[in-house]
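**Q**
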Ligand code: NAP
Ligand code: MN
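Numbering (the numbering used here), first residue to last: 64 to 329.
Structure, rendered in structure tokens:
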């Protein structure tokens, strides 16, 4: 890690947090890390907060592939993207001084709207009706018209996002060693006119999922990219693929994905 010592701390700048984090900033300097003010100068990006803060840290720093990301929890819990408690300095010193740290890579999604603007997601892309009426979309897997969906919406989750929104809509938990995306329904209407698969399905890394909106029937949907919402009129098509970008985090002794699942849910 000798030549990768520029650290950017991402946080909400609250005075409470700054007080909590001061010992960590000092520790980093003491171990030869240099705190940078601009994330573009960083090789290491540390998020202070919870999982939500980690998702924000990625978005605000543009999902950098050439950086190592680390999540430091400022509450009493370690969630899925946080591997350190802010007070556990010995574990951080261990990581800072270990020359042989391994890296863990997490798949991300790329979401294209109307074949133009493109966004990345680490947890999921969610597409939801913005009004109380159901909305309709045609679902394509590659070029195959798979189903016509009518209901509240859909969640398209990464493996690491499978423990978040995806889990609340009864999706399966997926090992991040499998590069794939999982598609789950939110309250689909099923009757003699509308029929959907009804269960979640998992698409391989070379597939494209396209959601085409019916312009006459729909009000515009709310599109969630992790924890940011986008509400756009005139969305005709949402295209989701597994992106080429993988997010790098630290591989520590105690932080395998299934250890995290166990400590969070069991
Ligand atoms: P939030 O509404 O404050 O938090 C949702 C909860 O999900 C928090 O406890 C958060 O942990 C946790 N979380 C985030 N990513 C996770 C992951 N990969 N695995 C397990 N738990 C995870 O919003 P937020 O903190 O900004 O997080 C955004 C995420 O919330 C979205 O990406 C979506 O997955 C999820 N969400 C879930 C539902 C639902 O389950 N019905 C609805 C909307 C959004 P922290 O407390 O550590 O932040
Ligand atoms: Mn949160």
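Where is the CB? At the ideal position from N, CA and C, for every residue including glycine.
In angstroms with no decimal places, state the Cα-to-Cα distance between residue 64 and residue 227.
**A** Residue confidence for residue 64 is low, a pLDDT of 44 falling below 50, so the modelled location carries little weight; the figure read from the coordinates is stated next. Distance between the alpha carbons of residue 64 and residue 227 is about 32 Å.
**Q** Quick check: residue 245 and residue 234, are their CB atoms within less than 8 Å of each other?
**A** Cβ distance < 8 Å, so residue 245 and residue 234 count as in contact.
**Q** Tell me the residue span of the beta strand (DSSP E) that contains residue 69.
**A** It spans 69-73 - the beta strand (DSSP E) in which residue 69 sits, taken as one unbroken run.
**Q** Mapping the DSSP letters down to three states, classify residue 65 as helix, strand or coil.
**A** With a pLDDT of 44 at residue 65, under the threshold of 50, the modelled position of that residue is not reliable, and the figure given next carries that caveat. Residue state, collapsed to three classes: coil.
**Q** Using a threshold of 8 Å, state whether the C-beta atoms of residue 132 and residue 118 are closer than that.
**A** In this structure, residue 118 does not lie closer than 8 Å to residue 132 by Cβ.
**Q** Would you kindly check if the distance between the Cβ of residue 212 and the Cβ of residue 259 is under 8 Å?
**A** Their beta carbons are under 8 Å apart, which means residue 259 touches residue 212 by this criterion.
**Q** Do residue 186 and residue 224 have their beta-carbon atoms positioned less than 8 Å apart in this structure?
**A** Contact: yes.
**Q** Which first and last residues belong to the beta strand (DSSP E) in which residue 173 is found?
**A** It spans 165-176 - the beta strand (DSSP E) in which residue 173 sits, taken as one unbroken run.
**Q** Please report the straight-line C-alpha distance between residue 74 and residue 206, rounded to a whole angstrom.
**A** Those two C-alpha atoms are separated by around 42 Å.
**Q** What does residue 201 pair with, by DSSP beta-bridge criteria?
**A** Answer is 211, 275.
**Q** Which residue's Cα is closest to the Cα of residue 241: 204, 201, 305, 275?
**A** Of the candidates 204, 201, 305, 275, the one whose C-alpha sits nearest the C-alpha of residue 241 is 305.
**Q** In the DSSP assignment, the alpha helix (DSSP H) including residue 115 goes from what residue to what residue?
**A** 114-123 is the extent of the alpha helix (DSSP H) around residue 115.
**Q** Using 8 Å as the threshold, is the region 312-322 in touch with the region 247-256, meaning 3 or more CB pairs across them?
**A** Output reads no: the region 247-256 does not touch the region 312-322.
**Q** Rank 79, 266, 167 by C-alpha distance to the C-alpha of residue 318 and give the top, closest one.
**A** Closest by alpha carbon: 167.
**Q** State buried or exposed for residue 250, treating a residue as buried only when at least 16 other CB atoms are found within 10 Å of its CB.
**A** Classification for residue 250: exposed.
**Q** With a threshold of 16 other CB atoms inside 10 Å of the CB of residue 170, please say whether the residue is buried or exposed.
**A** Buried, because 16 or more other Cβ atoms sit within 10 Å of the Cβ of residue 170.
**Q** Put residue 257 into one of helix, strand or coil per three-state DSSP.
**A** Three-state DSSP puts residue 257 in coil, outside helix and strand.
**Q** Which residues share a DSSP beta bridge with residue 148?
**A** The partner list for residue 148 (beta bridge, DSSP) reads 136.
**Q** For residue 293 and residue 191, I'd like the C-alpha separation in whole angstroms.
**A** Whole-angstrom Cα-Cα distance: 11 Å.
**Q** Should the region 147-157 be regarded as contacting the region 172-186, the criterion being three or more beta carbon pairs within less than 8 Å?
**A** Because the criterion of three Cβ pairs below 8 Å is not met, the region 147-157 and the region 172-186 do not touch.
**Q** Is the Cβ-Cβ distance between residue 126 and residue 308 less than 8 Å?
**A** Going by C-beta atoms, residue 126 is nearer than 8 Å to residue 308.
**Q** Rounded to whole angstroms, what's the CA-CA distance from residue 102 to residue 108? Just pull it up for me.
**A** Approximately 7 Å between the Cα atoms of the pair.
**Q** Excluding the 5 residues preceding and the 5 following residue 94 in the sequence, name in chain order all residues of the same chain whose CB lies nearer than 8 Å to its CB.
**A** Here the set comprises 156, 159, 160.
**Q** Whole angstroms are fine: how far does the CA of residue 238 sit from the CA of residue 321?
**A** So the alpha carbons of these two residues sit roughly 8 Å apart.
**Q** Give me the Cα-Cα distance between residue 106 and residue 136, rounded to the nearest whole angstrom.
**A** Computed Cα separation, rounded: 20 Å.
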